[in-house]
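Residue numbers (the numbering used here): 652 to 779.
The structure appears right after this line, and notes come after that.
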């Protein structure tokens with residue numbers, strides 16, 4: 652959970668408040684954690700940064716508590732899976748896959764949808 656209005660730094664790291672740390676603000680001296688991406692190179696790769704309020708999974712490299720790493724973002728009862736194309740959610744639309752972003756501080760989105768319904772295969776890219 653980052654400081655108000657800021658959820659990453661120039662090295663694509665985030666700050667995390669662990670479940671055992673109480674309160675709404677980050678504890679003093681909170682470390683910046685690297686975020687694992689499917690690919691990362693000098694000036695290229697994936698960029699899907701966790702945002703303030705999202706739950707993340709943290710692992711510790713070689714079990715060392717001084718080397719934390721964010722490995723993924725988790726859905727929960729507050730941050731639900733996306734509903735593609737205004738369709739109903741899971742499990743009813745289990746044949747829909749894709750990526751849906753959310754406008755920062757807005758209600759718009761970008762969407763890349765893959766529908767693997769037998770006999771009705773389709774792909775769609777759209778924005779609001």
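C-beta: ideal position from N, C-alpha, C; glycine also.
Being a predicted model, the structure only gives us computed values, none of them experimental.
- Message: Report the CB separation of residue 707 from residue 725 in whole angstroms; it is logged as a contact under 8 Å.
- Response: Sure, about 7 Å apart at Cβ, within 8 Å.
- Presumed contact (8 Å Cβ cut-off) between residue 700 and residue 735, rounded CB distance: No, residue 700 and residue 735 are not in contact; Cβ-Cβ is about 21 Å, not under 8 Å.
- Have a look at residue 672 and residue 772 and give me their C-alpha separation to the nearest angstrom. Each residue's alpha carbon lies about 46 Å from the other.
- Query: Mind pulling the alpha helix (DSSP H) runs of 4 or more residues that sit fully within the segment 703–763?
  - Reply: Listed in chain order, there is nothing to give.
- Message: For a test of the three-state rule: what should DSSP assign to residue 765, helix, strand or coil?
- Response: In the structure shown, the three-state DSSP call for residue 765 is strand.
- Message: Just to confirm, is the Cβ distance from residue 720 to residue 684 under 8 Å?
- Response: The answer is yes: Cβ separation under 8 Å.
- What number of angstroms, rounded off, separates the C-alpha of residue 747 from the C-alpha of residue 763? The alpha-carbon atoms of residue 747 and residue 763 are separated by roughly 10 Å.
- Query: Measuring CB to CB, does residue 751 end up less than 8 Å from residue 733?
  - Reply: Yes, the pair counts as a contact, with Cβ atoms nearer than the cut-off.
- Message: If you follow the beta strand (DSSP E) that residue 773 is in, where does it begin and where does it stop?
- Response: It spans 773–778 - the beta strand (DSSP E) in which residue 773 sits, taken as one unbroken run.
- Three-state secondary structure (DSSP) at residue 691? Judged by DSSP in its simplified three-state form, residue 691 adopts strand.
- Please work out which residues of its chain come closer than 6 Å, Cβ to Cβ, to residue 765, disregarding the five sequence neighbours upstream and downstream, and give them in chain order. Leaving aside the five residues that flank residue 765 on each side, the residues in its chain whose CB is nearer than 6 Å to its CB run, in chain order, 748, 749 and 774.
- Query: According to DSSP, which residues form a beta bridge with residue 684?
  - Reply: According to DSSP, which records beta bridges pairwise, residue 684 is partnered with 665.
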